[in-house]
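Numbering (this note's numbering), first residue to last: 12 to 124.
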């Protein structure tokens, strides 16, 4: 049960840790204004990613409730919600996290494999 709950809240935990990482980078004296602007852009991206994830997260549970009312027709909403949440998690974990530092420093050599 804990694994399922962790799967659903993982994007929220990642964004929370990202905000701590961003504030740490901003406090460093070696951070330029250009890097601070990129950090701001990543913060906006994280907010928007969480908004989209939250929409699918809420609708997932709404469609679970609708299964009891409209039967199997609501199952399509549950499936779409799960697929979209998985896609958002994939983007966040496998694409965004590997390219974050390269984007901040504007150096393509920093992209992690």
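Note that beta-carbon positions come from the ideal geometry of N, C-alpha and C, so glycine has one too.
Applying the criterion that 16 or more other CB atoms from any shown protein chain within 10 Å of the CB defines a buried residue, is residue i buried or exposed?
i: residue 23; result: exposed
i: residue 57; result: buried
i: residue 39; result: exposed
i: residue 76; result: exposed
i: residue 212; result: Past the boundaries of the shown model lies residue 212; the chain is included only from 12 to 124, so the question cannot be answered.
i: residue 29; result: buried
I'd like to know whether the C-beta atoms of residue i and residue j end up nearer to each other than 8 Å.
i: residue 33; j: residue 52; result: no
i: residue 74; j: residue 89; result: yes
i: residue 116; j: residue 46; result: yes
i: residue 36; j: residue 50; result: yes
i: residue 93; j: residue 71; result: yes
i: residue 60; j: residue 122; result: no
i: residue 67; j: residue 19; result: no
Look at the alpha carbon of residue i and the alpha carbon of residue j, and state the distance between them as a whole number of angstroms.
i: residue 43; j: residue 102; result: 27 Å
i: residue 80; j: residue 86; result: 11 Å
i: residue 21; j: residue 95; result: 14 Å
i: residue 112; j: residue 120; result: 10 Å
Hey, is residue i close to the ligand SAH, as in C-beta under 7 Å from one of its heavy atoms?
i: residue 42; result: Questions concerning the ligand SAH fall outside what the structure shown contains, since it holds no ligand whatsoever.
task: Kindly provide the ranges of any alpha helix (DSSP H) runs that are 4 or more residues long and lie completely inside the segment 95 to 123, ordered along the chain.
output: Whole alpha helix (DSSP H) segments, 4+ residues: 108 to 116.
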